[in-house]
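Quick note: the working numbering has the sequence shown finishing at residue 556, numbered continuously throughout.
What follows is a short report on a single structure.
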Amino acid sequence: MMKDHQRRFTDDNPWNSVPPGVNPFQFSIDRSAHRGFAPLSRLTKALLLVFFVFHLLIAIFCLIILVLPYIRGVKQSHWFFRKLYIQDQSRQKVYKVPLLWVNGGVVMTMSQLMGSVATLAYILIQLAITQSINASLHVQVEPALAMMCMCEMLTYWSQMHCFVVAMFYHNHKTDSNGPKRWTPPPIFINCLFLGFPMVLVIATLPPVIGLSLNHNQITIGVTSIMNTLRQGASVWDQLKVPSTTIEEKHELTTQLNQIMSQLKDLGVHIGIHAERLKVCFDSFIWVMLVLLCITFLFFIVVFGVLVQKVQQAEEQSACGSSASKPFRRWFNLKNHATTSGVEPKDRSDTGEQTSIMNRQFFHLILRSICIIVAMCTSITLCILGIVKSHDGSIRSSYWAGVTTWLATLAGSWSAIPIVWQCVSFFAIYPALLHSV
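Structure below.
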């Protein structure tokens, strides 16, 4: 939107389209109020309203998830992280450094809540800036977009952390006589999953701050140009008054020359900050694209390994092995006998337990697929933003609408699975705590 303001006031010949006999300053004021904006189509507005209602419900639901345990007096699910010491078959510590077990239910619910609130703000801002020139100057959409992206990736990494903890715990619960496979030490896992959120924030803040500062400078410049144009329009009208004397006309002409010089300087000022704004925006898109690609690759690898280990655990479970207990605790939300370490007494119980695990595993696959689709949508949005911003077609009404609703679609893909996963975590974590 700021690029449009810069384009309006930095043309090589701003008066070439002024009709004869028309006040050129007033003409520029009227033109700046309508030219350059990319109005959203009715379909885009309808989609944004649908996504607004959707994320409003998601935000309310996340808030209920966070508050309800306190209302019911169940406070054990609201711990943030705990130290998990990995033990071998002889109950000896395998590593001196504990594995930090982050409460995925709390972290994912909070990040989804903040992401949905940011999406609501993003939608309201997008609707406002296409309706009012004042809103387009003073309201910034970039912070809301950055918050949406950061919260999305934080939820993905929180879920991956839960997957890794389950796999790590499973590896050290296998038979000591079985083949040993290399697993990363707890300090590596802790640094990876605690360090990436810090990298995410550190990498995102500079371009977002740059966007905000340059947006503010352009807003000041455009406001000054509008005030200067109003002064020029007033002086021009005075020149057209028949009773104006020659001395007054000379003085008014001098004022017009000064006004034109001010407009030129302000145009240069806006042009400089518009270029900086473009650099910051491109940097932000590239940073988001790189971080999303890294997150996507990690998620695919972690989820693939998890699927493989769950399948191995089910095969061992069919043979009566106890090696699959950690994954049974992870997926079985109803059978607390397994969680406490008591094996089922008959085959019917075993079959029912396996059926529950298979159903939970199927639900996990569906949720993960939705998350993968969400990440692919975000990556597509970044690539589309880079390409269309480079050739300038992003200013068109069509592509502006597409990129606007596509940004909300990415978070919508993962919203329901994330809330679904959070409910599952809140249901399973108390049982897991008793088993660790």
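In this text, a Cβ means the ideal position worked out from N, Cα and C, and glycines have one as well.
(message) Assuming Val173 is part of the alpha helix (DSSP H), what are its boundary residues?
(response) Your numbering for residue 173 matches position 53 in the sequence shown. Segment Arg162 to Ile191, the alpha helix (DSSP H) holding Val173.
(request) Alpha carbon to alpha carbon, how far is Tyr205 from Pro299? Give it in angstroms, no decimals. (result) To locate residue 299, count along the sequence shown from 1; it is residue 179. To locate residue 205, count along the sequence shown from 1; it is residue 85. Residue placement at Pro299 is poorly supported in this model, since its pLDDT is 45, which falls under 50; the coordinates are not used for a value here.
(request) If I'm right that Lys165 touches Leu247 with Cβ under 8 Å, what's the distance once you round it to whole angstroms? (result) To locate residue 165, count along the sequence shown from 1; it is residue 45. To locate residue 247, count along the sequence shown from 1; it is residue 127. Between Leu247 and Lys165 the Cβ distance is about 7 Å, and since that is below 8 Å, they are a contact.
(request) List the DSSP bridge partners of Arg202. (result) Numbered from 1 along the sequence shown, position 82 holds the residue referred to as residue 202. DSSP output for Arg202 lists Trp221 as bridge partner(s).
(request) Give the single residue among Met270, Ile329 and Ala353 whose Cα lies nearest to the Cα of Thr415. (result) Position 295 of the sequence shown, counting from 1, holds the residue named residue 415. When each option's Cα is compared against that of Thr415, the closest is Met270.
(message) For Leu169 and Cys182, what's the separation of their Cα atoms in angstroms?
(response) Counted from its first residue, the sequence shown places residue 169 at position 49. Counted from its first residue, the sequence shown places residue 182 at position 62. Straight-line Cα distance between these residues: approximately 20 Å.
(request) Go to Gly330, then tell me how far its alpha helix (DSSP H) extends in each direction, as first and last residue. (result) Here the question's residue 330 lines up with position 210 in the sequence shown. Gly330 -> alpha helix (DSSP H) spans Pro306 to Leu359.
(request) Measure the Cβ-Cβ separation of Phe233 and Leu320 and say whether it is below 8 Å. (result) Along the sequence shown, one-based indexing puts residue 233 at 113. Along the sequence shown, one-based indexing puts residue 320 at 200. This sequence places Leu at residue 233; Phe is not what is there. Contact: no.
(message) With three or more beta-carbon pairs closer than 8 Å as the criterion, would you say the segment 217 to 233 touches the segment 308 to 324?
(response) yes
(request) Might you give, ordered along the chain, the residues of its own chain that have their beta carbon closer than 8 Å to the beta carbon of Tyr276, omitting 5 neighbours on each side? (result) As a working note, residue 276 is residue 156 in the sequence shown. Once the five neighbours on either side are set aside, the close Cβ partners of Tyr276 are Thr415, Phe419, Ile491, Met495 and Ser534.
(request) Would you decide whether Thr365 is buried or exposed? Buried here means 16 or more other CB atoms lie within 10 Å of its CB. (result) Working through the sequence shown from its first residue, we reach residue 365 at position 245. By the neighbour-count rule (16 or more Cβ atoms within 10 Å), Thr365 is not buried but exposed.
(message) Once DSSP output is grouped into helix, strand and coil, what is the label at Lys429?
(response) On the sequence shown, position 309 is the one that residue 429 refers to. Lys429 falls in the helix class under three-state DSSP.
(message) Quick check on Tyr215: does DSSP put it in helix, strand or coil?
(response) Reading the sequence shown from its first residue, position 95 is the one you call residue 215. Coil, per DSSP.
(request) Measure from the alpha carbon of Pro306 to the alpha carbon of each residue in His281, Ile329, Pro327 and Gly330, then state which is nearest. (result) Counted from its first residue, the sequence shown places residue 306 at position 186. Measuring from the Cα of Pro306, the nearest candidate turns out to be His281.
(request) Could you check how far apart the C-beta atoms of Ile185 and Ser236 are, in whole angstroms? I think they sit under 8 Å. (result) Counted from its first residue, the sequence shown places residue 185 at position 65. Counted from its first residue, the sequence shown places residue 236 at position 116. Actually they are not in contact, since the Cβ atoms of Ile185 and Ser236 sit about 12 Å apart, beyond 8 Å.
(request) Give the C-beta separation of Leu501 and Ala527 to the nearest angstrom, bearing in mind that I take them to be a contact with Cβ-Cβ under 8 Å. (result) Looking up residue 501 in the sequence shown gives position 381. Looking up residue 527 in the sequence shown gives position 407. Rounded, the Cβ-Cβ distance is 6 Å, consistent with contact.
(message) Just to confirm my understanding: we take Leu265, look at its own chain, exclude 5 residues before and 5 after, and list those with CB closer than 7 Å. What are they?
(response) The count along the sequence shown starts at 1 and reaches residue 265 at position 145. Once the five neighbours on either side are set aside, the close Cβ partners of Leu265 are Tyr242 and Ala527.
(message) Taking only three categories from DSSP, how would you classify Ser363?
(response) On the sequence shown, residue 363 is found 243 positions in, with the first residue counted as 1. Residue state, collapsed to three classes: coil.
(message) In whole angstroms, give me the CA-to-CA distance for His389 and Thr373.
(response) What you label residue 389 is simply residue 269 of the sequence shown in a count that begins at 1. What you label residue 373 is simply residue 253 of the sequence shown in a count that begins at 1. Approximately 24 Å between the Cα atoms of the pair.
(request) Go to Ser516, then tell me how far its alpha helix (DSSP H) extends in each direction, as first and last residue. (result) Taking the first residue of the sequence shown as 1, we reach residue 516 at position 396. Unbroken run through Ser516: none, as it is neither H nor E.
(message) Between which residues of its own chain and Leu359 is the CB-CB distance below 7 Å, once the five residues before and five after are set aside?
(response) Counting from 1 along the sequence shown, the entry for residue 359 is found at position 239. Around Leu359: Lys369 and Leu372.
(message) So, at 6 Å on beta carbons, what are the nonlocal neighbours of Phe404 in its own chain, with the 5 sequence-adjacent residues on each side left out?
(response) For this step, residue 404 is matched to residue 284 along the sequence shown. Closer than 6 Å at the Cβ level, and outside the excluded window around Phe404, lie Pro327.
(message) Only counting the same chain, and skipping five residues up and downstream in sequence, which positions put a Cβ closer than 8 Å to that of Leu596?
(response) Absent from the structure is residue 596, since the part of the chain shown begins at 121 and ends at 556.
(request) Indicate whether Ile149 and Leu349 have their beta-carbon atoms separated by less than 8 Å. (result) Stepping through the sequence shown from its first residue, residue 149 is reached at position 29. Stepping through the sequence shown from its first residue, residue 349 is reached at position 229. Yes; because the gap between Cβ atoms is below 8 Å, this pair is in contact.
(message) Below 8 Å on the Cβ atoms is my contact criterion, and I expect Leu331 with Phe401 to pass it. Report the Cβ-Cβ distance as a whole number of Å.
(response) In the sequence shown, residue 331 corresponds to position 211, counting from 1. In the sequence shown, residue 401 corresponds to position 281, counting from 1. About 6 Å separates the two Cβ atoms, so the contact holds.
(message) Let me make sure I understand the geometry here. Which of Leu529, Lys508 and Ile538 has the alpha-carbon closest to that of Leu484?
(response) For the purposes of this step, residue 484 is taken as the residue at position 364 of the sequence shown. Minimum Cα distance to Leu484 is reached at Ile538.
(message) For Trp540, which residues in the same chain have their Cβ closer than 7 Å to its Cβ, ignoring the five residues on either side in sequence?
(response) Along the sequence shown, read from residue 1 onward, the residue named residue 540 stands at position 420. Correct list, in chain order: Arg487.
(request) Use the C-beta contact count for Ile191: other C-beta atoms within 10 angstroms, 16 or more gives buried, fewer gives exposed. (result) Taking the sequence shown and counting its residues from 1, one reaches residue 191 at position 71. With fewer than 16 other Cβ atoms within 10 Å, it is exposed.
(request) Measure the C-alpha to C-alpha separation of Gln279 and Phe201 and round it to an integer number of angstroms. (result) For the purposes of this step, residue 279 is taken as the residue at position 159 of the sequence shown. For the purposes of this step, residue 201 is taken as the residue at position 81 of the sequence shown. The alpha-carbon atoms of Gln279 and Phe201 are separated by roughly 14 Å.
(request) Within 10 angstroms of the Cβ of Phe308, are there 16 or more other Cβ atoms? Answer buried if so, exposed if not. (result) Residue 308 sits at position 188 when you count from the first residue of the sequence shown. When all chains shown are included, Phe308 counts as exposed.
(request) With distances taken Cα to Cα, identify the nearest neighbour of His393 among Asn336, Val361, Pro144 and Val142. (result) Here residue 393 refers to the residue found at position 273 of the sequence shown. For the residues Asn336, Val361, Pro144 and Val142, the minimum Cα distance to His393 belongs to Asn336.
(request) Consult DSSP for Asn377 and reduce its assignment to one of helix, strand or coil. (result) By one-based count along the sequence shown, residue 377 stands at place 257. Note: Asn377 maps to helix in three-state DSSP.
(message) With a threshold of 7 Å on Cβ separation, who are the neighbours of Ala238 within its own chain once the five nearest residues in sequence on each side are excluded?
(response) Taking the sequence shown and counting its residues from 1, the one referred to as residue 238 is at position 118. Closer than 7 Å at the Cβ level, and outside the excluded window around Ala238, lie Ala264, Met267, Met268 and Cys271.
(request) Identify which residue in Gly352, Val285, Lys384 and Val493 has its Cα closest to the Cα of Val142. (result) Along the sequence shown, one-based indexing puts residue 142 at 22. Of the candidates Gly352, Val285, Lys384 and Val493, the one whose C-alpha sits nearest the C-alpha of Val142 is Gly352.
(message) Nearer than 7 Å: is that true of the beta carbon of Pro326 relative to any heavy atom of the ligand NAP?
(response) Of ligands this structure carries none, so the ligand NAP is not represented either.
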